[in-house]
Amino acid sequence: MKKFKEKLSGRIFFALALSSISALALITVFIIYKGAQTFIDVGFFKFIFGMSWSPGRDEFGIFPMIIGTVTVTLGAAAIGVPIGICCSIFLAEFAPSALQNIFRPAIQLLAGIPSVVYGFWGLLFVVPLIRNYLGGPGLSILAGAIILAIMILPTIITISEVSLISLPRHYKDGSLALGLTQWQTICSVQLPAAKSGIVAAVILGLGRAMGETMAVIMVLGNAVALPDSILAPVRTFTTNIGIEMGYASGEHQQALFATGIVLFVIIMMLNSLAQYITRRKAK
Amino acid sequence: MKNYAALAKLCYSFKLQILCFAKIYKGWIIKILNVKISIKNLNFYYNDKQAIHDLNLDIPANEVTSVIGPSDSGITTLLRSLNRLCDLNREARAEGDILLDGKSIFGKEVNVTELRRRVGMVFDVPAPLPISIFDNIAYGPRLNGKKNRKELAGIVEQSLSMAALWDEVKDRLNKPAMSLSGGQQQRLCVARVLALMPEVILLDRPCSGLDPISTAKIEESLIKLKERFTIVIAPHNVQQAGRISDRVAFMLMGDLIEEGTNASVFSSPKDRRTNDYITGRFG
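Keeping their order, the protein sequence lines are chains A and B. Residue numbers 44 to 326, in the numbering used here, belong to the letters of the first sequence in order. Residue numbers 1472 to 1754, in the numbering used here, belong to the letters of the second sequence in order.
Now the structure itself:
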């Protein structure tokens, strides 16, 4: 009887664990099923490299959105990564425990703020700031990059900090005992040793920036055109889906699912890259 | 004639007395002339827990001083406070004074980095940096401003020879340091410290976990090295202390129980606890 209970509980846990995996499988199958037709109808290259997106005329080209996604994400990385890494170094190496106790919960709170609040704040604060001081419509790549940079900070800070803290204590001790300053130790021992963790943190942060929808809808301007500067409005994959899915049908809906496939593939690649890098470290 | 004989006898006995005096106080005289590190009333705390109680110890130059005792006796703490590596622990607090060449190392004007260059340290776990053998040795000198490749090569060869490792690695200096065996890695760590030309070398159980042959090689090089350096070692067992040290200090629960020359501590320990420890009755 007891043995039966053991077995049963194992089965139940397995079934529950399976449900989370199957959700992933279902979503994957569903968007591919819904979107794959577009790749055939429109043609793969015409879809990816097409310059014009006008569902009314059955033109589905997402190249401006690829550029939009890439520029906004890279912009967010350019702002967020240095701040995030410096912050994690500060937390791991310099901050007295009193400050750590303020910083850590604050950063976790940053992760907990709903993205629509970020978007709202961006729209009312960042966008006018850019419009007044830098020109342009204000709704722009720069505004999106700033908002996303703040949103990916928690991811980057938390993961890089963990990878810095979990380094063997002997790296640091050994280096300091050789008469190196703390700064030299951080630059030439700790950062290189924690490199894989930090790179993984950055990649996961990029994945999050790429997948973010609500906040960027509100501040990007959503024009489907190639941007000529960082002050120009753009549209990303996610905002494209977010804006149009509500009323789309037929081929239009399929094309939106196809956009989702492209995004899905890119994020999958980023995540597996991050996993590959962290695994390689473990070996 | 009779008087002369008496005088000669008197002179002879004086001579004996002086010789005897010199023999008895030889250690003491050497100590006075040749103290490298002088620890005065050192009390060490981790938060409220006291790790070292009112310790006084003089460490003579160019000798191997062993600090023996069961684990958790404050030995590692003592060693780490000699180059102020204990500062890294925010909960740690030291009272009392440590003089290096007569100057306090706790003074405000002391440059800790400079101090750690003068007092190098080797740890219980060999922790080479994840770079090549050559770079591991050249790492310290390089960051201290020596850039000349030829000069660095000279330092690397010299340091590796002193640590009795040169012959084994001279053909593969560019291989990663992690490819060496445990014993070689530990000798690499010794060489790394030597490359900085310190005055004092601290070794915290450098041979724990090493095979007897590697241990013998490290001991051999330590005995040679004392001609140029002052060595303080926490041996991983009593036998090692007996083999290599000139002076032995026995610590128990944060107290210095006894210290003296190798012969005096091992052949006629004054304290019963010392005797019990070195004969293996506890510890």
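Idealized CB from N, CA, C, for every residue including glycine.
Test item: CB-CB of residue i and residue j under 8 Å
{"i": "Ile273 of chain A", "j": "Ile184 of chain A", "result": "yes"}
{"i": "Ile1702 of chain B", "j": "Val1538 of chain B", "result": "no"}
{"i": "Ala252 of chain A", "j": "Leu166 of chain A", "result": "no"}
{"i": "Glu1729 of chain B", "j": "Asp1742 of chain B", "result": "yes"}
{"i": "Cys1660 of chain B", "j": "Val1593 of chain B", "result": "yes"}
{"i": "Ser1630 of chain B", "j": "Ile1604 of chain B", "result": "no"}
{"i": "Gly93 of chain A", "j": "Glu102 of chain A", "result": "yes"}
{"i": "Tyr214 of chain A", "j": "Ala243 of chain A", "result": "no"}
{"i": "Thr302 of chain A", "j": "Gly240 of chain A", "result": "no"}
{"i": "Arg1613 of chain B", "j": "Leu1623 of chain B", "result": "yes"}
{"i": "Arg1663 of chain B", "j": "Leu221 of chain A", "result": "yes"}
{"i": "Arg1564 of chain B", "j": "Pro139 of chain A", "result": "no"}
As assigned by DSSP and simplified to three states, the class of residue i
{"i": "Met44 of chain A", "result": "coil"}
{"i": "Pro1531 of chain B", "result": "strand"}
{"i": "Gly1653 of chain B", "result": "helix"}
{"i": "Glu1730 of chain B", "result": "strand"}
{"i": "Ala237 of chain A", "result": "coil"}
{"i": "Ser272 of chain A", "result": "coil"}
{"i": "Val1709 of chain B", "result": "helix"}
{"i": "Gly1573 of chain B", "result": "coil"}
{"i": "Lys326 of chain A", "result": "In this prediction, Lys326 of chain A has a pLDDT of 49, which is less than 50 and means its spatial position is unreliable; what the coordinates show is noted afterwards. It is coil, neither helix nor strand."}
{"i": "Ser1679 of chain B", "result": "coil"}
{"i": "Leu1526 of chain B", "result": "strand"}
Inter-residue spacing [alpha-carbon to alpha-carbon] between residue i and residue j
{"i": "Glu1628 of chain B", "j": "Pro1677 of chain B", "result": "22 Å"}
{"i": "Ser1685 of chain B", "j": "Ile150 of chain A", "result": "49 Å"}
{"i": "Ile200 of chain A", "j": "Ser131 of chain A", "result": "5 Å"}
{"i": "Gln296 of chain A", "j": "Gly78 of chain A", "result": "8 Å"}
{"i": "Asp1757 of chain B", "j": "Leu234 of chain A", "result": "The structure shown does not extend to residue 1757 of chain B, since chain B spans only 1472 to 1754, so no value can be given for it."}
{"i": "Arg1744 of chain B", "j": "Leu1571 of chain B", "result": "30 Å"}
{"i": "Gln1657 of chain B", "j": "Asn1505 of chain B", "result": "29 Å"}
{"i": "Leu142 of chain A", "j": "Val124 of chain A", "result": "21 Å"}
{"i": "Lys326 of chain A", "j": "Ser209 of chain A", "result": "Any reading at Lys326 of chain A must be qualified, since the residue scores a pLDDT of 49, below 50, and its modelled position is unreliable; the value itself is stated next. So the two alpha carbons sit approximately 15 Å from each other."}
{"i": "Thr1548 of chain B", "j": "Ala135 of chain A", "result": "23 Å"}
{"i": "Ser203 of chain A", "j": "Asn1514 of chain B", "result": "37 Å"}
{"i": "Phe163 of chain A", "j": "Val262 of chain A", "result": "8 Å"}
{"i": "Asn1527 of chain B", "j": "Ser1509 of chain B", "result": "8 Å"}
{"i": "Leu182 of chain A", "j": "Val115 of chain A", "result": "12 Å"}
Residue i, enclosing alpha helix (DSSP H) - first and last residue
{"i": "Tyr1610 of chain B", "result": "1604–1614"}
{"i": "Gly1751 of chain B", "result": "Counting along the chain, Gly1751 of chain B falls outside any alpha helix (DSSP H), and DSSP gives it neither H nor E."}
{"i": "Asp216 of chain A", "result": "212–220"}
{"i": "Asp1638 of chain B", "result": "1637–1640"}
{"i": "Pro180 of chain A", "result": "Element bounds for Pro180 of chain A: n/a, residue is neither H nor E."}
{"i": "Phe280 of chain A", "result": "280–287"}
{"i": "Ile1689 of chain B", "result": "1683–1696"}
{"i": "Gly264 of chain A", "result": "Element bounds for Gly264 of chain A: n/a, residue is neither H nor E."}
Run of the beta strand (DSSP E) containing residue i, from where it starts to where it stops
{"i": "Met94 of chain A", "result": "Careful: Met94 of chain A lies outside any beta strand (DSSP E) and carries neither H nor E."}
{"i": "Asn1514 of chain B", "result": "1506–1517"}
{"i": "Ala1720 of chain B", "result": "1718–1723"}
{"i": "Ile110 of chain A", "result": "Unbroken run through Ile110 of chain A is the alpha helix (DSSP H), 106–132; no beta strand (DSSP E)."}
{"i": "Gly1757 of chain B", "result": "Because residue 1757 of chain B is not part of the residues shown, which for chain B are 1472 to 1754, the question remains open."}
{"i": "Gly1671 of chain B", "result": "The sequence shown places Val at residue 1671 of chain B, not Gly. Taken as a continuous stretch (DSSP letters only), the beta strand (DSSP E) holding Val1671 of chain B covers 1671–1675."}
Compile a chain-ordered list of the residues in the region 228–253 of chain A whose CB is closer than 8 Å to at least one CB of chain B. Ser231, Val232, Pro235, Ala236
Using a Cβ cut-off of 8 Å, which residues of the region 1537–1549 of chain B contact any Cβ in chain A, in chain order? none
Return the residues of the region 198–230 of chain A that lie within a Cβ-Cβ distance of less than 9 Å from chain B, sorted by chain order. Using a CB distance below 9 Å, the part of the region 198–230 of chain A facing chain B consists of Pro211, Arg212, His213, Tyr214, Lys215, Asp216, Gly217, Ser218, Leu219, Ala220, Leu221, Gly222, Leu223, Thr224, Gln225, Gln227, ordered along the chain.
Could you run through the region 129–141 of chain A and flag, in chain order, every residue whose CB is less than 9 Å away from some CB of chain B? Pro139, Ser140
Which residues, in order along the region 1650–1678 of chain B, keep a beta-carbon less than 9 Å from a beta-carbon of chain A? Of all residues in the region 1650–1678 of chain B, only Cys1660, Arg1663, Val1664, Ala1666, Leu1667, Pro1669, Leu1673 place a beta-carbon less than 9 Å from a beta-carbon of chain A.
Using a beta-carbon distance cut-off of less than 9 Å, what residues from the region 1571–1586 of chain B approach chain A? Val1583, Thr1584, Glu1585, Leu1586
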